[in-house]
Each structure stands twice: as C-alpha cells, then as structure tokens.
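One structure is given here, and the rest of the page talks about it.
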Amino acid sequence: MRMNLYLAVLVVALLLAASMPLIAHHAFGSEFDPNRPVLLKGKVVKVEWVNPHTWIHVEVTNPDGSREVWMIEGGSPNSLLRRGVTKDSLPVGTEIVVDGYQTRDHTLKRANGRNVTYPDGRKLNLGSSGPGAPPEK
Amino acid sequence: MQDSSNFKMFSPASCRIKGVLMRNRFVVLIAALAVFLLPPVTAAQAPPRLPDGHPNLQGTYDLATLTPLERPAGAKAILTAEEAGKLENEVAARKELGDRPISGNRTAPPKGGDGSTGAAGGVGGYNTFWLDPGSSYTIVNGERRTSIVIDPPDGRVPPMTPEARQRALSRLWRPTSDTTQSNDPGLEPPGSYDNPEQRPLGERCLLGFGSTSGPPALPDYFYNNLHQIVQTKDYVMILTEMVHDARVIRMNSQHLPKTIRKWMGDSVGHWEGDTLVVDTTNFTDKTRFRGASEDMHVVERFTRVGPKALLYRFTIEDPATWARPWTGEYTWPATDEHIYEYACHESNYALENILRGARRREADEAAEKARQ
Numbered sequence: 001m002r003m004n005l006y007l008a009v010l011v012v013a014l015l016l017a018a019s020m021p022l023i024a025h026h027a028f029g030s031e032f033d034p035n036r037p038v039l040l041k042g043k044v045v046k047v048e049w050v051n052p053h054t055w056i057h058v059e060v061t062n063p064d065g066s067r068e069v070w071m072i073e074g075g076s077p078n079s080l081l082r083r084g085v086t087k088d089s090l091p092v093g094t095e096i097v098v099d100g101y102q103t104r105d106h107t108l109k110r111a112n113g114r115n116v117t118y119p120d121g122r123k124l125n126l127g128s129s130g131p132g133a134p135p136e137k
Numbered sequence: 138m139q140d141s142s143n144f145k146m147f148s149p150a151s152c153r154i155k156g157v158l159m160r161n162r163f164v165v166l167i168a169a170l171a172v173f174l175l176p177p178v179t180a181a182q183a184p185p186r187l188p189d190g191h192p193n194l195q196g197t198y199d200l201a202t203l204t205p206l207e208r209p210a211g212a213k214a215i216l217t218a219e220e221a222g223k224l225e226n227e228v229a230a231r232k233e234l235g236d237r238p239i240s241g242n243r244t245a246p247p248k249g250g251d252g253s254t255g256a257a258g259g260v261g262g263y264n265t266f267w268l269d270p271g272s273s274y275t276i277v278n279g280e281r282r283t284s285i286v287i288d289p290p291d292g293r294v295p296p297m298t299p300e301a302r303q304r305a306l307s308r309l310w311r312p313t314s315d316t317t318q319s320n321d322p323g324l325e326p327p328g329s330y331d332n333p334e335q336r337p338l339g340e341r342c343l344l345g346f347g348s349t350s351g352p353p354a355l356p357d358y359f360y361n362n363l364h365q366i367v368q369t370k371d372y373v374m375i376l377t378e379m380v381h382d383a384r385v386i387r388m389n390s391q392h393l394p395k396t397i398r399k400w401m402g403d404s405v406g407h408w409e410g411d412t413l414v415v416d417t418t419n420f421t422d423k424t425r426f427r428g429a430s431e432d433m434h435v436v437e438r439f440t441r442v443g444p445k446a447l448l449y450r451f452t453i454e455d456p457a458t459w460a461r462p463w464t465g466e467y468t469w470p471a472t473d474e475h476i477y478e479y480a481c482h483e484s485n486y487a488l489e490n491i492l493r494g495a496r497r498r499e500a501d502e503a504a505e506k507a508r509q
C-alpha cells in the first residue's frame, strides 16, 4: 500500500510536471531567448490586466543613467482576481524585481516574468490597498 | 384551501396540537398529501427544474481537478479518502512553497536557459503565484478517481490506429489546437511561423487550448477552468472561460449537412430522462482533438448529481483514429466565482513576439550561412 501510494505520488508529480507546460497558452520557448537572461529592477509605469497574459510595464534605469521601459509577461489575470489580487496590488510607482528572459527579437524590450516580486521578495499582494501593505492572510 | 383557518392549522405551533388536527379530516388529508408531495421537492436526488419540466443545469462550474485525463502508469483507479487527502495536501504544500517570497536580491537566471523543458523551452513560464490549477481529485459516486477516462477500464485513451499515427506525423508541420502540437519549444520546422494563420488556434486566441472548450470539455491544469451553462427550452449554451468560447447546442434538432463544419463541431441536444445528451459531429481538420479526424463523434451527458454538482460524461468515437470508442467522466462542482472577461486578442503580444522571434532566427541563420 505504501509502495502504491509512493508510486502514485511520483507518477502524479511526473504527470503534472510533464503536462503543465503543454497546456500553457503558447510556447514560451519560441517567444523568449534562453541566451538572454535579464534581471530588471524598477518602477511600475503601467499594468495591462488582460488575457491571455498580464503585461507589466516597468521603467528601469541603466548603469549609464538612461531609462527604458520593459514589458513583462505574467499569467492570466482571471485567477489572480479571484485570489484577491487587484489593480491596487501593483499601482504605478511600485518598485518591483523581475527575473526572466528577453524576447527572441532583441529590439523589443520585453521579457517573461519568471518571478515578479517586490524588493522584499514577496510575489504579489493579495487584497491589499497599497504596495507596502502586508498580505491579509 | 381558500379558508385561511386551514392554513393556520399548518403553522408549526398549531401542528403540535394533535387534537385539533384529528378533528378535521380535511386537514388530515392535506397533511398526508403534503407529506407525500414535499419530499420529492426537497430530496437531494430531485433536481430543480425549469418551467419546461427539465432539470435546471444552469450555473457556473469549476472544472479544475487534480485527476488527469489518463490514469498514470501503475496507479490504482480509485484512491481512498486518506490517500487522496495526502496527495492533495502535498499539492497544496508545493503551491504554498511556490507562493512564498524569494530573495529580492537575486540574480538573473542562467544564460543558456533555466533547464525547463517542453513548451517552457529553457525560459520557464511564471511562478505558481499566477496559476490556479485544481486542488482535489474528482469524486464520482463517492469514488476519488485517478483518471477521467473510465473506459477502457485501464483509464487510458486507446492507442491510435497506425493510420491515425501516420496522419499525425504528416501533419506535424501544421499547427493545430491539439495540445501536442500547439506548444512547441520554438523548434517547429520552417514554415510553421510564416504567418499568424500557421499558428495554433489557442495561440491565436481563437479557441481554448487543450480542449478546454471541447467537446469533450476537459480541465486545464493551469488556470481559467470556469464554465457557465445557460439553458432554455430550445438552446443550451456553454461558455468556456478560457478564450471565451461559447458553444450553442440546438435542442431536438437535426445535424447540419456534412458540408457545414465548425471548430467546436455541430452540437444538437435532447433529454433522456433527467440527463441532457449532446451529440456533436461535423468537426473541421483544424481542431483535431488528440489527433482525431474531422469525423469524430462526441456524445456528452450532463446529469445533475446534487444541488451543487453535475456529472459530465463523454464518449468519443472515431474509427479513423481509435480502434474502439472511449469514455470519460468527471464531476463539475458548481461555484459562486465570477467568470471575468477574456479579451484575448487585445493584448496578445505573445503572438507578435513569437513571429518576430522566428524572423530574428531566420535572419541569424541567413547571416551564419553568408559567413560560411
């Protein structure tokens, strides 16, 4: 019985791991370049809470002092809304940190948001009214 | 019954006065009738009905589940409550772990890719915070199932016929909404990215990917699993949250001529007792559910199994693809959650990025050739 359960766990885990990327909206691999990793720190200037993917616009300052706006691809907003993430979770001016990969077309300042966090590492606020507010739960 | 004094007799307080009741035969008769008539209205097995007498299937349902379409190799068909609970707790723990804060001072991910495979193609997607997958196994007849497929009894989709496999191979370069082909890691052969029409229907925001719209309507193991049923005497409409597909089922109607084909097929419905039976044919070769031919025939059965749940069962028949029909079923729990707008086209930057990526790759390859 214990063996069976262990097997079931393993198999289900494997299955989930194998099936999840297959069911994503599109192939991230054909959109983003594995050879162009990025780490972006800056302020939110706009968020498009749209399907199929959220796009977070963030202004970053380069080492030479110049500024550019990057667009970050996040997940579908429907489920976030149901979880309590609102427009107030990422208001304009919020400092965020993003790690991801740039689009294969390097003329575009766009990247996938593997992780989108506040500077303290929290992923996003649920049901809060400001960028600094702690999660309710 | 117009005599208001009789109604008074039915108030809880006066019902306790047995003597009063016994003195009035009429009241006893009505009381007996009430006992006879009331239980069917309140019993769980009697569904609420619409004015046309058919069960009311309307509502919003959350199809998210941990139960996969096919039973994993080596797994048993039914989990005990304890086994399911343990697995569900593990999934919840993984989700909680994924949602936890990470270092704000982290570095960029590794050059050359983060090791993710499949559609994630070395760049990953986004963390679990953005996902809303199922959290429990589907329960049918009190059984916690490890597969949606119930026939064949091994819980697996029957093997494809050699003919179907050949057909699938010859179509590899032609993207479809089929899950196996709609998400490649950027490795599709030349031509696949030549224009938007070459891209899969899901990627183009035209049809829910992974057969979320159906038929058969299957869960997505990422997010956006709500479905809404709207029902009238003559039509039933099923709205799929993912990509906002609406399937309109004509009740007691004939199928359209075979020359008229639709991405979600042509669906007609009828009632068999309290079960809504929907028959769908006339698919196109664009959808190709799991490599099926456009002559696939799907029969779906919707039955209310409680005030807050439907049982959804489907049978797939397509001799050109599978040597035998196969059947799946799972429970659709009702939800109070809202379906939000899914205006997929408006900001589908991803499609633009994918096509631009392909142009970039072509330019790089041309430059490489010129250098040699």
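Protein chains in written order, with this note's numbering: chain A, 1 to 137; chain B, 138 to 509.
In this text, a Cβ means the ideal position worked out from N, Cα and C, and glycines have one as well.
None of these values were measured; they are calculated from a predicted model.
Counting only residues of its own chain and dropping the five nearest sequence neighbours on each side, A/E59 has a CB closer than 6 Å to the CB of G42, K43, V45, R67, V69. Counting C-beta atoms within 10 angstroms of its own C-beta, A/N115 has 16 or more neighbours from the protein chains shown and is therefore classed as buried.
When the beta-carbon positions are compared, B/E220 and B/L203 stay at least 9 Å from each other.
B/L343 carries a coil assignment under DSSP once its states are collapsed to helix, strand and coil. For the set B/S390, B/A305, B/A354, the Cα lying nearest the Cα of B/D371 is the one of B/S390. Under the 9 Å criterion on CB atoms, A/T86 is classed as non-interfacial with respect to chain B.
Less than 9 Å separates the beta-carbon of B/L200 from that of B/L363. In chain A, no part has a C-beta under 7 Å from the C-beta of B/V415; the shortest such distance is about 24 Å.
Taking 9 Å as the CB threshold, A/G100 lines the interface with chain B. As for any beta strand (DSSP E) of minimum length 3 sitting wholly inside the segment 388 to 447 of chain B, the runs are 403 to 409, 412 to 418, 434 to 443, ordered along the chain. Secondary structure of B/F359 (DSSP, three-state): coil. In this structure, B/L448 is the residue among B/L448, B/T244, B/R496 with its C-alpha nearest to the C-alpha of B/G279. Using beta-carbon distances, B/H434 does not count as an interface residue toward chain A, since no partner is under 9 Å. With its beta carbon less than 9 Å from one in chain B, A/T103 belongs to the interface. Closest by C-alpha distance to B/I215, out of B/P192, B/R281, B/Y198, is B/R281.
Using a CB distance cut-off of 9 Å, B/L268 counts as an interface residue toward chain A. Shown here, B/V380 sits in a helix according to DSSP, grouped into three states. The bridge partners DSSP lists for B/W459 are B/M297. Residue range 218 to 236 is occupied by the alpha helix (DSSP H) that includes B/D236.
Residue state for B/I476 is assigned as coil, using DSSP reduced to three classes.
Secondary-structure assignment with DSSP links A/G29 through no beta bridge to anything.
Against chain B, the CB of A/E48 has a partner CB under 9 Å away; the residue lies at that interface. With respect to the C-alpha of B/N485, the residue from B/G271, B/S272, B/V380 having the closest C-alpha is B/V380.
Each residue's CA atom was taken as its position, placing B/Q365 and B/L187 some 17 Å apart.
Here the C-alpha atom of B/A301 lies approximately 27 Å from the C-alpha atom of B/G211.
Only buried fits A/H53, as 16 or more other CB atoms lie within 10 angstroms of its CB. In chain order, P238, I239, G241 make up the part of chain B whose C-beta sits under 8 Å from the C-beta of A/T117. The shortest CA-to-CA distance from A/R36 to any of A/W49, A/T61, A/L124, A/L108 is the one to A/L108. Interface with chain B (9 Å Cβ-Cβ cutoff): A/S66 is excluded. Straight-line spacing of the CA atoms in B/I239 and A/E73 works out to 19 Å. Taking 9 Å as the CB threshold, B/F426 stays off the interface with chain A. DSSP places B/E499 in the helix class (H, G or I) of the three-state scheme. Chain-ordered, the chain A residues with CB closer than 7 Å to the CB of B/Y263 read G74, G75, N112, G113, R114. In this structure, the beta-carbon distance from A/V47 to B/A480 does not fall below 9 Å. Cα atoms of B/S404 and B/I386: separation of roughly 5 Å, rounded to the nearest angstrom.
If you look at A/N78, you'll find it in the alpha helix (DSSP H) that goes 77 to 83.
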